[in-house]
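Undergrad: Sharing a structure, written as structure tokens. Questions coming.
Number of protein chains: 2
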Amino acid sequence: MATTQPAAVDRPPTIHDIAALCGVAASTVSRALSSPDRVNIRTRQRIEAAAAQLHYIPNSQAKALSSGRTGAVGVLVPDITNPFYFDLIRGTQLQLKAAGYTQLLVDTEESDEVEASTMEQLRKSADGIVVAASRLSDEALLAAAAKMPMVTVNRDVPGIPAVLIDTPSATSQALDHLISLRHTRIAYIAGPATSQSSTRRWAALSEAAEERGVEVRRLGPFAPKTQSGAAAADAAVHSGVTACIAFNDLIAIGMLQRLRERGIRVPEDMSIVGCDDIFGADFCNPPLTTMASPIEQAGRVAVSMLLAQLNPLAGGGTRSRSVMPTHLTVRGSTGPAPAPH
Amino acid sequence: MATTQPAAVDRPPTIHDIAALCGVAASTVSRALSSPDRVNIRTRQRIEAAAAQLHYIPNSQAKALSSGRTGAVGVLVPDITNPFYFDLIRGTQLQLKAAGYTQLLVDTEESDEVEASTMEQLRKSADGIVVAASRLSDEALLAAAAKMPMVTVNRDVPGIPAVLIDTPSATSQALDHLISLRHTRIAYIAGPATSQSSTRRWAALSEAAEERGVEVRRLGPFAPKTQSGAAAADAAVHSGVTACIAFNDLIAIGMLQRLRERGIRVPEDMSIVGCDDIFGADFCNPPLTTMASPIEQAGRVAVSMLLAQLNPLAGGGTRSRSVMPTHLTVRGSTGPAPAPH
DNA sequence: CATGAAATGACAACCGATTGCCAAAAACTG
DNA sequence: CAGTTTTTGGCAATCGGTTGTCATTTCATG
Numbered sequence: 279m280a281t282t283q284p285a286a287v288d289r290p291p292t293i294h295d296i297a298a299l300c301g302v303a304a305s306t307v308s309r310a311l312s313s314p315d316r317v318n319i320r321t322r323q324r325i326e327a328a329a330a331q332l333h334y335i336p337n338s339q340a341k342a343l344s345s346g347r348t349g350a351v352g353v354l355v356p357d358i359t360n361p362f363y364f365d366l367i368r369g370t371q372l373q374l375k376a377a378g379y380t381q382l383l384v385d386t387e388e389s390d391e392v393e394a395s396t397m398e399q400l401r402k403s404a405d406g407i408v409v410a411a412s413r414l415s416d417e418a419l420l421a422a423a424a425k426m427p428m429v430t431v432n433r434d435v436p437g438i439p440a441v442l443i444d445t446p447s448a449t450s451q452a453l454d455h456l457i458s459l460r461h462t463r464i465a466y467i468a469g470p471a472t473s474q475s476s477t478r479r480w481a482a483l484s485e486a487a488e489e490r491g492v493e494v495r496r497l498g499p500f501a502p503k504t505q506s507g508a509a510a511a512d513a514a515v516h517s518g519v520t521a522c523i524a525f526n527d528l529i530a531i532g533m534l535q536r537l538r539e540r541g542i543r544v545p546e547d548m549s550i551v552g553c554d555d556i557f558g559a560d561f562c563n564p565p566l567t568t569m570a571s572p573i574e575q576a577g578r579v580a581v582s583m584l585l586a587q588l589n590p591l592a593g594g595g596t597r598s599r600s601v602m603p604t605h606l607t608v609r610g611s612t613g614p615a616p617a618p619h
Numbered sequence: 279m280a281t282t283q284p285a286a287v288d289r290p291p292t293i294h295d296i297a298a299l300c301g302v303a304a305s306t307v308s309r310a311l312s313s314p315d316r317v318n319i320r321t322r323q324r325i326e327a328a329a330a331q332l333h334y335i336p337n338s339q340a341k342a343l344s345s346g347r348t349g350a351v352g353v354l355v356p357d358i359t360n361p362f363y364f365d366l367i368r369g370t371q372l373q374l375k376a377a378g379y380t381q382l383l384v385d386t387e388e389s390d391e392v393e394a395s396t397m398e399q400l401r402k403s404a405d406g407i408v409v410a411a412s413r414l415s416d417e418a419l420l421a422a423a424a425k426m427p428m429v430t431v432n433r434d435v436p437g438i439p440a441v442l443i444d445t446p447s448a449t450s451q452a453l454d455h456l457i458s459l460r461h462t463r464i465a466y467i468a469g470p471a472t473s474q475s476s477t478r479r480w481a482a483l484s485e486a487a488e489e490r491g492v493e494v495r496r497l498g499p500f501a502p503k504t505q506s507g508a509a510a511a512d513a514a515v516h517s518g519v520t521a522c523i524a525f526n527d528l529i530a531i532g533m534l535q536r537l538r539e540r541g542i543r544v545p546e547d548m549s550i551v552g553c554d555d556i557f558g559a560d561f562c563n564p565p566l567t568t569m570a571s572p573i574e575q576a577g578r579v580a581v582s583m584l585l586a587q588l589n590p591l592a593g594g595g596t597r598s599r600s601v602m603p604t605h606l607t608v609r610g611s612t613g614p615a616p617a618p619h
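Protein chains in written order, with this note's numbering: chain R, 279 to 619; chain Z, 279 to 619.
Okay, structure coming up:
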């Protein structure tokens with residue numbers, strides 16, 4: 279038994295083992311497994327049977343080295359612990375796995391330098407990258423995109439395919455919501471200065487405010503973490519507004535906590551609108567009115583666009599831009615403006 | 279110019295480019311960059327200068343192929359979107375990065391099959407793996423551990439190094455807390471049947487209950503998701519208990535939501551204790567009494583143990599087991615037992 | 001049955017590094 | 001200064017596949 283079974287070695291089987299078992303050349307095995315049409319069907323079946331028998335698993339390193347394709351895609355997010363990215367990551371992971379790719383997830387720690395060096399690193403070990411909420415400059419991004427296929431999420435740079443979450447338009451909805459509740463003094467709690475999402479949202483918001491004749495002031499920037507919510511809440515209270523539209527739910531939830539500490543009631547004294555509808559937005563106290571969108575889907579779309587870039591043959595004109603719809607989900611953190619004293 | 283400057287190509291530089299630039303053999307370059315002592319310091323400096331000038335970045339695939347070491351470590355978690363794993367992932371990521379390793383993060387979707395096939399896959403592309411809350415059998419885990427260095431988290435199998443989070447002992451604390459609040463009818467809301475954490479916790483809990491002469495019944499199993507909280511809450515109410523110790527915070531938060539819907543007050547009518555102190559446990563309504571532990575640190579420790587396995591030379595006896603302390607964090611979801619009518 | 005086209009399989013170079021082995025050079029010894 | 005030890009650098013094989021080239025086989029056709 280051991281004589282007819284060349285396996286039994288500890289080392290994982292290679293195509294050479296298969297070739298020996300079948301009495302063909304290693305190259306034939308390679309072709310049989312990758313471009314099945316180039317090989318006689320009977321031979322191919324023998325090879326496939328042998329591969330199955332040996333539990334053959336191709337060595338991805340070797341494959342990458344000789345073919346130039348790694349079968350991996352990098353996904354860069356600024357902060358793994360931000361729940362917003364959970365669903366995005368899950369979306370990319372599902373879509374990549376479905377296409378037989380591996381996901382390389384990297385936390386860039388909100389740092390442009392880490393982001394840049396990661397990209398350089400990934401240039402050799404990934405076929406393309408999905409970059410969420412990049413902190414890099416347009417120029418740096420374009421330079422990187424020239425070196426390897428890239429899709430951005432929530433970052434619009436001409437020439438780079440992107441998936442955008444349409445929070446700017448939802449911001450107008452939020453504004454209308456607040457106006458209908460008779461708020462007139464409203465603040466935008468800005469995100470990081472380097473976040474294009476925050477910039478675009480502010481642009482949309484201030485334009486909408488002007489159209490509607492209300493005043494919206496901008497506070498911040500604040501880091502997109504719950505801890506920043508305290509400072510944001512204090513700034514909002516100090517500025518005398520009765521409603522806030524926050525850059526994201528983390529900040530909004532942090533504000534809720536701080537306002538509670540200070541004895542300021544939400545929504546009676548102050549209304550809060552978040553953004554992203556992250557895990558927790560529905561069960562915080564009060565539940566958060568927020569702008570929701572299909573984040574997981576955004577992840578899937580981003581991957582689809584990237585894979586279309588990698589395999590141009592597979593039909594379908596490559597979309598270079600995809601905008602995910604967003605809608606306002608009204609919960610308990612917004613209410614009528616307090617009566618002026 | 280093009281004659282004296284071998285760079286200027288689009289293709290990334292290799293050690294051969296460096297070798298050509300310095301007039302030495304490629305192998306000398308390799309040695310100069312990896313084992314610096316084996317090469318003349320002046321030559322080395324020339325080589326280093328050339329490498330810097332060309333912006334040389336070693337090709338990790340090629341490195342892995344020829345050396346057998348990949349410089350990557352796989353991290354397997356059952357569910358990326360479970361906030362419990364955020365901190366764990368961040369911990370592993372930080373520690374790995376500090377040691378110059380890359381993290382390959384995989385969501386095994388609570389499936390033993392996905393977990394097993396992922397391990398097989400990773401065998402070629404990672405030097406070792408960290409497996410959190412494995413759903414595999416002891417035998418399968420041992421077999422996998424025999425093929426590649428492994429550290430488990432929250433899974434105790436003799437022969438495999440593990441980081442354990444000491445929730446069993448915290449469970450007793452939780453029980454004492456509830457007893458001191460005069461609860462006598464208490465339920466344990468069990469996690470997945472394949473979860474060893476759940477099993478170990480129940481063992482500790484039922485033993486402690488017996489010692490203290492109170493009755494604790496077991497309900498479930500339930501999937502570790504907020505959605506399961508509804509069923510868990512209904513089961514708890516139906517069973518007539520006044521307090522529950524839940525497998526994790528996700529279930530506990532789901533229970534809070536369901537109980538609120540049903541008009542059952544927490545903690546007046548029912549006390550709830552969670553586990554893990556995840557993101558959200560502090561701002562749900564009411565804030566959750568839960569068992570907290572240094573999860574990020576657990577991730578770091580797991581990676582340290584794995585790296586110690588990979589590089590046995592670097593001194594320090596290899597710990598094969600590390601237990602993370604846990605303590606009860608009392609918040610608003612637990613209170614005195616309702617007076618019997 | 002001869003002929004050409006199509007299908008198939010083998011050989012070998014190659015991807016970019018690592019590493020064992022050996023030779024040349026340098027430094028040291030007596 | 002000869003003889004020896006140590007240091008240093010280069011050659012070439014190797015990792016496990018991919019892929020271009022070419023020889024051979026197979027088959028249909030005239």
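Each residue gets a CB set at the ideal place from its N, CA and C atoms; glycine is no exception.
Treat the numbers as computed from the prediction; the structure is a model and nothing was measured.
Report the rounded CA-to-CA distance for Z/Met-426 versus R/Tyr-334, giving the unit in angstroms.
TA: For Z/Met-426 and R/Tyr-334, the distance between alpha carbons rounds to 17 Å.
Undergrad: Name the residue from R/Val-353, R/Asp-295, R/Gly-610, R/Tyr-363 whose alpha carbon lies nearest to the alpha carbon of R/Pro-502.
TA: Out of R/Val-353, R/Asp-295, R/Gly-610, R/Tyr-363, R/Tyr-363 has the C-alpha closest to the C-alpha of R/Pro-502.
Undergrad: Listed from N- to C-terminal order along the chain, which residues in the region 546-565 of chain Z have their beta-carbon within a distance smaller than 7 Å of any beta-carbon of chain R?
TA: Hits within the stretch, in order: Phe-557, Gly-558, Phe-561, Cys-562, Asn-563.
Undergrad: Could you tell me the alpha carbon to alpha carbon distance between Z/Leu-459 and R/Leu-528, rounded to whole angstroms?
TA: Roughly 34 Å between the two C-alpha positions.
Undergrad: With a threshold of 16 other CB atoms inside 10 Å of the CB of R/Pro-603, please say whether the residue is buried or exposed.
TA: Result: exposed.
Undergrad: Given a limit of 8 Å on CB to CB distance, which residues of the region 392-406 of chain Z reach chain R?
TA: The residues in question are Glu-398, Gln-399, Arg-401, Lys-402, Ser-403.
Undergrad: Our contact map puts R/Ile-457 next to R/Arg-490 with C-beta atoms below 8 Å; I'd like the distance itself, whole angstroms only.
TA: That pair is a contact at about 6 Å.
Undergrad: Along the chain, where does the alpha helix (DSSP H) containing Z/Val-683 start, and where does it finish?
TA: Since the displayed chain Z opens at 279 and closes at 619, residue 683 of chain Z lies outside it and no answer follows.
Undergrad: Within its chain, find whatever has a CB closer than 8 Å to the CB of Z/Ile-464; leave out the 5 residues flanking it on each side and keep chain order.
TA: Only Leu-453, Leu-456, Ala-487, Val-492, Glu-493, Val-494, Arg-495, Val-519, Thr-520, Ala-521, Cys-522, Ile-523 meet the Cβ criterion.
Undergrad: Which value, in whole angstroms, describes the spacing of the CA atoms of Z/Ser-345 and Z/Pro-572?
TA: C-alpha separation (whole angstroms): 36 Å.
Undergrad: Using the beta-carbon of each residue, which ones in chain Z are nearer than 7 Å to R/Gln-587?
TA: Neighbours of R/Gln-587 on chain Z: none; closest Cβ ~18 Å, over 7 Å.
Undergrad: Report yes if the C-beta distance between Z/Thr-370 and Z/Gly-577 is below 7 Å; otherwise report no.
TA: Cβ distance < 7 Å, so Z/Thr-370 and Z/Gly-577 count as in contact.
Undergrad: Which chain Z residues are close to R/Ala-342, counting only those with a beta carbon under 7 Å from its beta carbon?
TA: The answer, in chain order, is Gln-339.
Undergrad: Using only CA atoms, which one of Z/Ser-447, Z/Ile-367, Z/Gln-474 lies nearest to Z/Arg-413?
TA: Answer by Cα proximity: Z/Gln-474.
Undergrad: Just grab the DSSP bridge partners of Z/Gln-451 for me.
TA: According to DSSP, which records beta bridges pairwise, Z/Gln-451 is partnered with nothing at all.
Undergrad: Smallest Cα separation from Z/Gly-349: which of Z/Arg-597, Z/Thr-380, Z/Pro-439?
TA: Ranking the options by Cα distance to Z/Gly-349, first place goes to Z/Thr-380.
Undergrad: From what residue to what residue does the beta strand (DSSP E) around R/Thr-348 run?
TA: Here R/Thr-348 belongs to no beta strand (DSSP E), and DSSP marks it neither H nor E.
Undergrad: Identify each residue in the region 434-457 of chain Z for which the Cβ-Cβ distance to at least one residue of chain R is less than 7 Å, and report them in chain order.
TA: Under the 7 Å Cβ criterion, the region 434-457 of chain Z contributes no residue.
Undergrad: Got a sec? Which residues, its chain only, sit under 6 Å from Z/Gly-507 by beta carbon, not counting five neighbours each side?
TA: So the list reads Ile-529, Gly-532, Met-533, Arg-536, once near-sequence residues are dropped.
Undergrad: Buried or exposed, going by whether 16 or more other CB atoms sit within 10 Å of the CB of Z/Pro-361?
TA: Buried.
Undergrad: If we ignore side chains and look at the alpha-carbon of each, how far apart do Z/Val-601 and R/Ala-404 end up?
TA: Straight-line Cα distance between these residues: approximately 37 Å.
Undergrad: Compare the C-beta of Z/Arg-368 against all C-beta atoms of chain R and say whether one is closer than 7 Å.
TA: Chain R, which has a Cβ nearer than 7 Å to the Cβ of Z/Arg-368, makes this yes.
Undergrad: I'd like to know whether the C-beta of R/Gln-371 is nearer than 7 Å to at least one C-beta of chain Z.
TA: At least one chain Z Cβ lies under 7 Å of R/Gln-371.
Undergrad: For Z/Ala-580, tell me which candidate among Z/Val-302, Z/Ile-325, Z/Pro-439 has the shortest Cα-Cα distance.
TA: Of Z/Val-302, Z/Ile-325, Z/Pro-439, the residue nearest in Cα terms is Z/Pro-439.
Undergrad: So which residues on chain R does Z/Phe-362 lean against when the C-beta distance must stay under 8 Å?
TA: By Cβ distance, chain R contributes nothing, its closest Cβ being about 11 Å from Z/Phe-362, past 8 Å.
Undergrad: My guess is that Z/Ala-448 and Z/Met-569 are in contact by the Cβ rule of under 8 Å, so how many angstroms apart are they, rounded?
TA: The pair is a contact, with the Cβ atoms about 4 Å apart (cut-off 8 Å).
Undergrad: At what residues does the beta strand (DSSP E) containing Z/Ser-600 begin and finish?
TA: Residues 599-602.
Undergrad: Alpha carbon to alpha carbon, how far is Z/Ala-328 from Z/Ala-297? Give it in angstroms, no decimals.
TA: Whole-angstrom Cα-Cα distance: 9 Å.
Undergrad: Within its chain, find whatever has a CB closer than 8 Å to the CB of R/Val-392; leave out the 5 residues flanking it on each side and keep chain order.
TA: Answer for R/Val-392: Thr-386, listed in chain order.
Undergrad: Cβ-heavy atom distance between Z/Leu-453 and the ligand MG below 6 Å?
TA: By its list of ligands, the structure shown contains no ligand whatsoever, and the ligand MG lies outside what it can speak to.
Undergrad: Just the Cα atoms here: how many angstroms apart are Z/Asp-554 and Z/Met-548?
TA: Their Cα atoms are separated by approximately 20 Å.
Undergrad: Our contact map puts Z/Val-351 next to Z/Leu-584 with C-beta atoms below 8 Å; I'd like the distance itself, whole angstroms only.
TA: So it is a contact: roughly 6 Å between Cβ atoms.
Undergrad: Restricting to runs no shorter than 3 residues, where is the beta strand (DSSP E) found entirely within the region 495-573 of chain R?
TA: Segments of the beta strand (DSSP E) lying fully in the region 495-573 of chain R: 521-524, 549-553, 567-570.
Undergrad: Run through DSSP, which three-state label would Z/Asp-315 get?
TA: Helix, per DSSP.
Undergrad: Can you tell me which residues form a DSSP beta bridge with Z/Tyr-466?
TA: Looking at the DSSP assignment, Z/Tyr-466 forms a beta bridge with Z/Arg-496, Z/Ile-523.
Undergrad: Buried or exposed: Z/Asn-589, going by 16 or more other Cβ atoms within 10 Å of its Cβ?
TA: Flag for Z/Asn-589 reads exposed.
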